[in-house]
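Structure record follows, encoded as structure tokens.
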Amino acid sequence: MIHSLDELKTKQSTQENKFIPQIAVIGGGIMGQGIAQTASSNGIEVILVEKNEKLAEVALKHLESSMNQEIERWSLTIGEKKSIMSRIKTTGKIEDAAHCPIIIEAINEDFGLKKRLFHLLDQACDPSTVIVSNTSTLNLTKLADETNRPDRVIGMHFLNPVPKIPLVELIRAMKTSDETFTMVKEFAENQLGKKVVEVFEYPGFVTTRVIIPMINEAMQVFSEGIATAEGIDTAMKLGYGFQTGPLALADMMGLDDVLMWMEQLWQQLGEPKFRPAPVLRRMVREGKLGKKSGEGFFKYEEEK
Ligand code: NAI
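Written as structure tokens, this is what we have:
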């Protein structure tokens, strides 16, 4: 209950202080584009950083064409697309992101790459900046130890497609401070409108750890010729009420990502259920990466 004008002013200014007006997203792939779209559609300015300016512009073009598809499906208006695009700026230099209070890293699931990036971000950014990783399986504490601010490093595991999935797993690394956790939780809930599940660091957290064995088994069933890809997905959707079948889900995630996660989980947990199905390795070798390449277990004509 507010009792005086002064109290009201204090409350408003506290709320304003907590509002994060701008973030940076590093990596303009499937997840980076989705995170940028989600933040921007919630009124947050976004700096989208890629390896170079050209790739950053390509990422923005991909985002625009995926929003055009949403417009065709009547789930977005032209006006909404314009306003989302107007709040996203692209760059090839991480220094341009240095002043942002929150930086979300969504580059490839490769420990060496992420480690180097964390080191560079730590050098370039304001000491108060919180560095967030969208990793699905890598060790956050080790990434945090690449910086001089391990208390201000946290995991925020969004799921694909980010604008549509209401969940984010918030992962505390060993030294993540309560202050960082609270700040990012409030950002996720109040500004991005996501439901937060708190998770302690462990390979695969909850969502990746639980879904990957099912996807792997579906791939084994496919390669043993027990049913077609469509048959497997239809059986799982109708049989268990899943919105998307396991093979279409893997295609959406990106088969190269799925392979990396299985490798990581297999290596870190040592369980054979995470050993990648040979058909997955073969498809990745052949460049069949799922939706993003136009072909995976299914074909995606319009994505080519
Ligand atoms: P992706 O392969 O689609 O995109 C990665 C992007 O990062 C590429 O465009 C690449 O050029 C860029 N990149 C690499 N190094 C960079 C650097 N130093 N600076 C700027 N940009 C750089 O990968 P995706 O699928 O978007 O995954 C990104 C992260 O999100 C991974 O850690 C993955 O595990 C995680 N994730 C992915 C999900 C999915 O369904 N694909 C779901 C949840 C998390």
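As numbered in our numbering, residues -2 to 301 make up the sequence shown, in order. Where is the CB? At the ideal position from N, CA and C, for every residue including glycine.
If the criterion is Cβ atoms closer than 8 Å, does the pair residue i and residue j meet it?
{"i": "T87", "j": "L45", "result": "yes"}
{"i": "K296", "j": "L252", "result": "no"}
{"i": "V127", "j": "L167", "result": "no"}
{"i": "S130", "j": "T205", "result": "no"}
{"i": "K58", "j": "G89", "result": "no"}
{"i": "G24", "j": "A103", "result": "yes"}
{"i": "D123", "j": "A95", "result": "yes"}
{"i": "I212", "j": "I99", "result": "no"}
Quick check on the DSSP output: the beta strand (DSSP E) that includes residue i runs from which residue to which?
{"i": "V196", "result": "192 to 197"}
{"i": "M385", "result": "Within the shown structure, residues of the chain are numbered from -2 to 301, placing residue 385 beyond reach of any answer."}
{"i": "E166", "result": "164 to 169"}
{"i": "V127", "result": "127 to 130"}
In the DSSP output, which residue or residues are listed as bridge partners for residue i?
{"i": "K86", "result": "I44"}
{"i": "Q19", "result": "E42"}
{"i": "G287", "result": "E292"}
Looking at the unbroken alpha helix (DSSP H) that takes in residue i, where does it start and where does it end?
{"i": "Q120", "result": "108 to 121"}
{"i": "R282", "result": "275 to 282"}
{"i": "L189", "result": "Counting along the chain, L189 falls outside any alpha helix (DSSP H), and DSSP gives it neither H nor E."}
{"i": "F295", "result": "Run containing F295: none; DSSP gives neither H nor E here."}
{"i": "L135", "result": "No alpha helix (DSSP H) contains L135, which DSSP labels as neither H nor E."}
{"i": "E336", "result": "The structure shown does not extend to residue 336, since the chain is modelled only from -2 to 301, so the question has no answer here."}
Whole angstroms are fine: how far does the CA of residue j sit from the CA of residue i?
{"i": "P158", "j": "T225", "result": "25 Å"}
{"i": "Q188", "j": "Q217", "result": "41 Å"}
{"i": "F155", "j": "A247", "result": "16 Å"}
{"i": "I32", "j": "A232", "result": "32 Å"}
{"i": "K270", "j": "W263", "result": "8 Å"}
{"i": "P210", "j": "W258", "result": "11 Å"}
{"i": "S38", "j": "M82", "result": "9 Å"}
{"i": "K234", "j": "G222", "result": "19 Å"}
{"i": "F108", "j": "L137", "result": "10 Å"}
{"i": "F294", "j": "F202", "result": "26 Å"}
{"i": "Q120", "j": "V207", "result": "36 Å"}
{"i": "I77", "j": "E67", "result": "Reading off the sequence shown, one finds Glu at residue 77, where the question assumed Ile. Between E77 and E67, the C-alpha separation is close to 11 Å."}
{"i": "I20", "j": "E198", "result": "24 Å"}
{"i": "D175", "j": "Q265", "result": "27 Å"}
Can you tell me whether residue i sits near ligand 3, meaning its C-beta is under 7 Å from at least one heavy atom of the ligand?
{"i": "N131", "result": "Judged by which ligands are present, ligand 3 is missing from the structure shown, whose ligands are ligand 1."}
Taking only runs that begin and end inside the stretch 206 to 273, name each unbroken alpha helix (DSSP H) of 4 or more residues, in chain order.
226 to 237, 243 to 250, 252 to 266, all fully within the stretch 206 to 273.
Those runs of the alpha helix (DSSP H) which lie wholly inside the stretch 48 to 103 and span at least 4 residues:
Scanning the stretch 48 to 103 from its first residue to its last, the whole alpha helix (DSSP H) runs of 4-plus residues come out as 50 to 69, 75 to 83.
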